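Quick notes on the structure that follows.
Numbering (my numbering), first residue to last: 121 to 473.
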């Protein structure tokens, strides 16, 4: 492991030199790339320095064991240093796991009511409130793209953009079916009902992420048939993209303006083609390890929110917490971090095999 860490430190130092190179500084796109790579390596370099310092102190303490006057002090020092060494080694193992390049991307979040009628729409609204409070706690920016309200409250569908630091990395495990168990507001007999809402988190891709030529795109506009009143229905605000070489089609009529729909449709097209480009890589990775955090398939129940018991259970990692009231108030870091730990553990197994 030390050899790998030394190579990273050497690369970090080289990047530091490049950042002060006039030719790099004058090229904004290249400087941005170098700066990002430098920032990504900083945490592991700092942990490496701390780890090497602990190793040096351990060696010094071991040498002191040969001195009868210093032996007792050396043993006490070793008792303190050994746990530090183990903790830093675990930290470095996790930091050495290759990061998903999409983790830092902004996202498009879609929350949609599922089975359960009015109660499902109300629950979709509760999920939106939960996530909104979480986004605020992270100081992320949000922009609502479209809203379709439920007949008794909540939403049948809400789409929003979220931007900030490490957004996809923290939200990617939220995709899937979320099940709720509670007495609905619409229930007069006091019976507990089960309903569901689905969450989809899509990373926002940039043109540089996908090999698409503008000349290969066919663009059509059409009249939206979605909710939104006369403006949406009487103007050609819907946008459809067709990627001619692959035949992939993507469209959007979620937004009120053609500009917003064009952006959403292009993002969806990027995503579809990007998934095709990564298909072979993803299948290879899937063969190496079994994912504990699922694929985000809408048909897969990922989490249950049980209100009578104040309980939430994430079924992918068998995590059960009894603070549902706090979780619905946006305090979901404990769940997200547990999912990240589980995913890292699977990645570490894959590295070994």
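Using N, Cα and C, we set each Cβ at its ideal position, and we do this for glycine too. These figures come from a predicted structure and were not determined experimentally.
Per the contact definition of three or more C-beta pairs closer than 8 Å, is the segment 312-320 in contact with the segment 286-300? These segments touch.
Cβ pair count under 8 Å reaching 3, the segment 138-151 against the segment 165-185: Three or more beta-carbon pairs separated by less than 8 Å are not found between the segment 138-151 and the segment 165-185, which leaves the two stretches without contact.
Examine the Cβ distances between the segment 214-233 and the segment 267-284 and report whether three or more of them are shorter than 8 Å. Result yes; three or more Cβ-Cβ pairs closer than 8 Å.
Per DSSP, the bridge partner or partners of residue 283: Paired residue(s): 261.
Residues that DSSP places opposite residue 323 in a beta bridge: Under the DSSP definition of a beta bridge, residue 323 partners with 227.
Start and end of the alpha helix (DSSP H) containing residue 445? Start and end: 444-447.
Indicate whether residue 288 and residue 338 have their beta-carbon atoms separated by less than 7 Å. No, Cβ-Cβ distance for residue 288 and residue 338 is not below 7 Å.
If you draw a straight line from the alpha carbon of residue 376 to that of residue 396, how long is it in whole angstroms? Near 30 Å, if we compare the C-alpha coordinates of residue 396 and residue 376.
Quick check: what's the CA-CA separation for residue 468 versus residue 217? Approximately 7 Å between the Cα atoms of the pair.
Using a 10 Å radius around the Cβ and a threshold of 16 neighbouring Cβ atoms, would you call residue 384 buried or exposed? Classification of residue 384: buried, given that the 10 Å Cβ count is 16 or more.
Here's a check: name, in chain order, each residue in its chain whose Cβ is nearer than 6 Å to the Cβ of residue 283, leaving out the five neighbours to either side. If we look at residue 283 and ignore the five residues flanking it on each side, its Cβ neighbours are 226 and 261.
What does the alpha-carbon distance come out to for the pair residue 121 and residue 371? Residue 121 and residue 371: Cα-Cα distance of roughly 48 Å.
Where does residue 456 sit, in a helix, a strand or coil, going by DSSP? If DSSP states are grouped into helix, strand and coil, residue 456 belongs with the helices.
First and last residue of the uninterrupted beta strand (DSSP E) at residue 433: 431-434 is the span of the beta strand (DSSP E), which, as asked, contains residue 433.
Where does residue 464 sit, in a helix, a strand or coil, going by DSSP? Residue state, collapsed to three classes: helix.
Would you kindly report the start and end of the unbroken beta strand (DSSP E) that includes residue 235? Membership of residue 235 in any beta strand (DSSP E) is not indicated, and neither H nor E is assigned to it by DSSP.
Leaving aside the five residues before and after residue 305 along the sequence, list all residues of the same chain whose C-beta is less than 6 Å from its C-beta, in chain order. If we look at residue 305 and ignore the five residues flanking it on each side, it has no Cβ neighbours.
Shortest alpha-carbon distance to residue 359 belongs to which of 368, 205 and 386? Here the closest residue by C-alpha is 386.
Could you tell me the distance, in whole angstroms, from the CA atom of residue 322 to the CA atom of residue 255? A direct Cα-Cα distance of roughly 16 Å separates residue 322 from residue 255.
Stretch pair the segment 198-217 + the segment 158-168: three plus CB contacts closer than 8 Å: The answer is yes - the segment 158-168 touches the segment 198-217, with three or more Cβ pairs under 8 Å.
Can you tell me which of 127, 458, 123 and 125 puts its alpha carbon nearest to the alpha carbon of residue 293? Considering only 127, 458, 123 and 125, the residue with the shortest C-alpha distance to residue 293 is 458.
Helix or strand or just coil, what does DSSP make of residue 348? Because residue 348 carries a pLDDT of 47, less than 50, the predicted location of this residue cannot be relied on, and the following value inherits that uncertainty. Three-state DSSP puts residue 348 in coil, outside helix and strand.
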